[in-house]
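If you count the sequence shown from 1, position 74 lands on 74 in full-length UniProt numbering, and the numbers rise without skipping. Note that beta-carbon positions come from the ideal geometry of N, C-alpha and C, so glycine has one too. Keep in mind it's a predicted model, so treat the numbers as computed, not measured. Before any comments, here is the structure.
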Amino acid sequence: MSRCALLARLEAKPGKEEEVERFLRGALPLAEAEPGTRTWFALRFGPTSFGIYDTFDTEAARQAHLDGPIAAALMERAGELLASPPQIDRVDLLASKLPH
């Protein structure tokens with residue numbers, strides 16, 4: 001079971017909601033290319049609120065993801081797309097149910 005995760009919350013600037021959605025959808029191939037990223041989800045909580053939730057087997061894999069291309073691209077475009085800096089929380093998984 002993956003033990004490490006990240007939960008990133010993103011608030012789009014007014015008028016930038018669709019661009020944030022496109023950015024998140026476009027990041028999927030980058031996540032798929034990361035061998036240490038076990039699961040990756042792009043989320044929409046509401047009209048302007050988005051998120052990313054991903055899991056990792058090790059702290060090293062989680063850190064590699066934070067140092068990788070998705071995080072770099074997000075930080076590069078944050079000022080343009082987001083109303084505030086992304087809130088990125090490191091979380092520890094206690095239990096999960098995934099398909100076998």
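Do you know offhand how far residue i's Cα is from residue j's?
i          : j          : result
residue 82 : residue 21 : 12 angstroms
residue 6  : residue 80 : 23 angstroms
residue 1  : residue 97 : 9 angstroms
residue 34 : residue 44 : 22 angstroms
residue 12 : residue 53 : 17 angstroms
residue 47 : residue 23 : 15 angstroms
residue 99 : residue 66 : 26 angstroms
residue 94 : residue 51 : 20 angstroms
residue 89 : residue 10 : 12 angstroms
residue 32 : residue 92 : 21 angstroms
residue 84 : residue 59 : 27 angstroms
residue 19 : residue 77 : 10 angstroms
residue 38 : residue 14 : 32 angstroms
Give the DSSP-derived three-state secondary structure of residue i in the structure shown.
i          : result
residue 26 : helix
residue 10 : strand
residue 98 : coil
Where DSSP assigns a beta bridge to residue i, which residues make up the other side?
i          : result
residue 42 : 52
residue 91 : 5
residue 37 : 56
Go to residue i, then tell me how far its alpha helix (DSSP H) extends in each direction, as first and last residue.
i          : result
residue 69 : 69-81
Could you tell me whether any Cβ in chain D is nearer than 8 angstroms to the Cβ of residue i?
i          : result
residue 53 : Among the chains in the structure shown there is no chain D, since it carries only a single protein chain.
Query raised in the report: For the segment 70-81 against the segment 22-36, are there 3 or more C-beta pairs whose distance is under 8 angstroms?
Result: yes
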